[in-house]
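Notes to accompany the following structure.
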Amino acid sequence: MLLQKRVFQISTLENIESGAFINCANLKEIDLKGTQITILSIQVFNGCSKLEKVLLPNNLSEIKSTAFGDCSSLKEIDFPASLTIIGPFSFNKCGFEALIFKEGLLTIDNMAFYNCKSLRQVNLPSTLTKIGFYTFTGCVALYDIEYNGDNAASVNGDNIFKYDGEVLESTPQNLYLPNVDDPTASNPPQDTNPWESFLGYDWTDKIKYKQSMPSN
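The numbers in our numbering rise by one with no breaks, and the one at position 49 of the sequence shown is 78.
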């Protein structure tokens, strides 16, 4: 299909069917801002390998499974503040270099950003409560993670960066915690530091307390 750009100007549009634009290999831009869509369906833009620009609906609350999977040219996206759920495989194999999630996001599901090999930085909101398994596995360039919460137990997640020890393992080098004081500097110092195993990863000597992640 030779469709290159699709602007949805129907303000009453509330839904696009699952797989509606799957494998539209020449599609480069999608503008959904003027719609009333709150949920993006399964595989709706999956396999759109030349897709570079996406404007999401202002009231979007959920992105379903594989909605933008294999959109390898998609390097940036602005998630709306209304978004609460990112479904499994929803952005696997995309071309992102940095991801910033707004406050209000609750769930990033299994393998949502699996194999995004150019991804270097991720900023996680304090509202996040769940990250599914292997979410950032295969993100081999991933270097910095920032978490804006102040309680390591608030987020339920494990095996976020590795796939059973295989070569697709991601190895981020810095955890930035702008809203957390160094527990080892407390008086008396804490016996254990929950941040060193945050999200099931070994952050020993990689934590930056009271610091924000530098711009990519």
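For glycine and all other residues, C-beta sits at the position ideal for the given N, C-alpha and C.
Could you tell me the distance, in whole angstroms, from the CA atom of residue i to the CA atom of residue j?
i, j, result
"residue 79", "residue 49", "16 Å"
"residue 57", "residue 220", "53 Å"
"residue 59", "residue 104", "14 Å"
"residue 66", "residue 40", "9 Å"
"residue 88", "residue 233", "39 Å"
"residue 241", "residue 73", "35 Å"
"residue 213", "residue 53", "53 Å"
"residue 90", "residue 61", "13 Å"
"residue 114", "residue 75", "18 Å"
"residue 191", "residue 163", "6 Å"
"residue 55", "residue 92", "22 Å"
"residue 156", "residue 81", "28 Å"
"residue 229", "residue 151", "16 Å"
"residue 189", "residue 119", "15 Å"
"residue 218", "residue 200", "28 Å"
"residue 108", "residue 187", "24 Å"
"residue 112", "residue 106", "13 Å"
Count the other CB atoms, across all protein chains shown, that sit within 10 Å of the CB of residue i; report buried if there are 16 or more and exposed otherwise.
i, result
"residue 161", "buried"
"residue 30", "In this prediction, residue 30 scores a pLDDT of 45, lower than 50, which makes its location untrustworthy; the coordinate-derived value is nonetheless stated afterwards. Residue 30 is exposed by the Cβ-count criterion."
"residue 144", "buried"
"residue 215", "exposed"
"residue 202", "exposed"
"residue 86", "buried"
"residue 231", "exposed"
Looking only at its chain, what residues have a beta carbon closer than 6 Å to the beta carbon of residue i, apart from the 5 residues adjacent to it on each side?
i, result
"residue 110", "131 and 133"
"residue 68", "91"
"residue 198", "191"
Using three-state DSSP, classify residue i as helix, strand or coil.
i, result
"residue 221", "coil"
"residue 182", "helix"
"residue 136", "strand"
"residue 127", "strand"
"residue 228", "helix"
"residue 30", "The predicted model places residue 30 with a pLDDT of 45, which falls under 50 and marks its position as unreliable; any figure quoted below should be read in that light. Three-state result, residue 30: coil."
CB-CB under 8 Å to residue i, same chain, minus the five flanking residues each way: which ones, in chain order?
i, result
"residue 148", "125, 126, 127, 128, 142, 165, 168, 170 and 171"
"residue 243", "173"
"residue 210", "238 and 239"
"residue 121", "95, 98, 99, 140, 141, 142, 143, 144 and 145"
"residue 154", "130, 131, 132, 133, 134, 177 and 178"
"residue 227", "176, 181, 184 and 204"
"residue 46", "70 and 73"
"residue 224", "181, 204, 206, 209, 212, 232 and 236"
"residue 44", "66, 68 and 70"
"residue 158", "135, 136, 183, 184 and 185"
Go through its chain and collect everything with a Cβ distance to residue i's Cβ below 7 Å, but skip five positions before and after it.
i, result
"residue 117", "94, 138, 139, 140, 141 and 161"
"residue 42", "64, 65 and 66"
"residue 51", "72, 75 and 76"
"residue 101", "78, 122, 123 and 124"
The ligand ATP and residue i: does the residue's C-beta get closer than 7 Å to at least one heavy atom of that ligand?
i, result
"residue 130", "Among the components modelled here there is no ligand, and therefore nothing to report on the ligand ATP."
Segments assigned beta strand (DSSP E), at least 3 residues, entirely inside the stretch 77-128: As far as the stretch 77-128 is concerned, its whole beta strand (DSSP E) runs of at least 3 residues are 82-84.
Starting from the N-terminal side, write out each stretch of the beta strand (DSSP E) that is 3 residues or longer and does not extend beyond the stretch 37-79. The qualifying runs are 58-60.
Any beta strand (DSSP E) of 3 or more consecutive residues that is wholly inside the stretch 141-179: Qualifying beta strand (DSSP E) stretches, in chain order: 150-153 and 173-176.
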